[in-house]
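The sequence shown runs 15 to 237 under our numbering.
The C-beta atom is built at its ideal place from N, Cα and C for all residues, glycine as well.
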Amino acid sequence: MKIEQDKPLPSHTKIDYNECCAKLILEELFPDRYSNLLLADKPDLQGSNVGIEVTIANDPKMQEALNDWIKAYYCTDPKLQHRYIERMQQLGVTYTGGVQAWPTVPPTFSLTKEAAEKKILKLKSGNYRFFQRYELFIFTDIWYHEGVIKDAKKYFFSTSINDFYKTVYVLSQGSDLHVFETDIKQYRNIKIDTPEQSNRNIRARSMVEEAEDPNHYKEINLP
Numbered sequence: 015m016k017i018e019q020d021k022p023l024p025s026h027t028k029i030d031y032n033e034c035c036a037k038l039i040l041e042e043l044f045p046d047r048y049s050n051l052l053l054a055d056k057p058d059l060q061g062s063n064v065g066i067e068v069t070i071a072n073d074p075k076m077q078e079a080l081n082d083w084i085k086a087y088y089c090t091d092p093k094l095q096h097r098y099i100e101r102m103q104q105l106g107v108t109y110t111g112g113v114q115a116w117p118t119v120p121p122t123f124s125l126t127k128e129a130a131e132k133k134i135l136k137l138k139s140g141n142y143r144f145f146q147r148y149e150l151f152i153f154t155d156i157w158y159h160e161g162v163i164k165d166a167k168k169y170f171f172s173t174s175i176n177d178f179y180k181t182v183y184v185l186s187q188g189s190d191l192h193v194f195e196t197d198i199k200q201y202r203n204i205k206i207d208t209p210e211q212s213n214r215n216i217r218a219r220s221m222v223e224e225a226e227d228p229n230h231y232k233e234i235n236l237p
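See the structure below:
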């Protein structure tokens, strides 16, 4: 699949962009804990003694509207562009072009909880490679204010999740990393430098682009 420069990544690629981002964040922020994580499946990232699942906790309608906005903005076919814009309208978002206005999504813990519970069910299915320790990495656009953090601690520090995932990372709004050590009930917050994370995102995209090129495919850490 050919990926065009300065345009969004296709919906389906050989390796997942978010998984690449999570890999780079973990390896670079916690070098004593992670090194050479493999991009794999069930779980998504695999280390020598840890398996890490990666997921997104955003409003499904807003996620679909975002995808349609990106497609509409870069679309050169007027009929197809109209279709994307019309779908955005159905989802409650009016297309405003390059500077897009978005409805406010109330910052609650519910979407994160739902995403975590889906991953627990999948892990319980037993179709995963065995690891002594499993962890979870969640991307979300939700603002993790004090109230959301309080709800997150209550949930992540309960047996409903710490029996399955011993560490949960929540990257909120692109650069606000929340770390929940569920088994020992410890929490910490890491404010990632925005330019640093932007650079990391660029490198994650490069990993995806290289994986689509047969000449570079073997350079990516795949099992």
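| Asked | Found |
| --- | --- |
| Short Cβ contact (8 angstroms threshold) for Val184 with Tyr158 | yes |
| Proximity of Ile156 and Ala218 at Cβ, strictly below 8 angstroms | no |
| Alpha-carbon to alpha-carbon, Phe178 and His26 | 29 angstroms |
| Helix, strand or coil at Ile99 [DSSP, three-state] | helix |
| Cross-strand partners of Gly111 (DSSP beta bridge) | Bridge partners of Gly111: none, in fact. |
| From Glu224, Phe153, Thr173, residue whose alpha carbon lies closest to that of Leu191 | Phe153 |
| CB of Leu43 within 8 angstroms of CB of Leu51, strictly | no |
| Segment contact flag, the region 94-105 with the region 136-148, C-beta cutoff 8 angstroms, min 3 pairs | no |
| Rounded straight-line distance, which links the Cα of Pro120 to that of Gln239 | This structure leaves residue 239 out entirely; the chain is present only between 15 and 237. |
| Reduced DSSP category for Phe170 - H, G, I as helix; E, B as strand; rest coil | helix |
| DSSP three-state assignment for Lys205, whether helix, strand or coil | strand |
| For Ser186, the three-state DSSP class (helix, strand or coil) | strand |
| Per-residue DSSP class, three states only, for Gly161 | helix |
| Outcome for Lys133 when other beta-carbon atoms lying within 10 angstroms are tallied against a minimum of 16 | buried |
| Status (buried if at least 16 other CB within 10 Å, exposed otherwise) for Asp82 | buried |
| Leu43 (DSSP reduced to helix, strand or coil) | helix |
| Continuous alpha helix (DSSP H) stretch holding Tyr88: start and end | 74-88 |
| Sufficient close CB pairs (3 or more, under 8 angstroms) joining the region 84-98 to the region 55-67 | no |
| Span separating the alpha-carbon of Tyr231 from that of Ser189 | Below a pLDDT of 50, predicted positions are generally treated as unreliable, and Tyr231, at 45, falls in that range; the measurement from the model is reported next regardless. Spanning the two alpha carbons is a distance of roughly 29 angstroms. |
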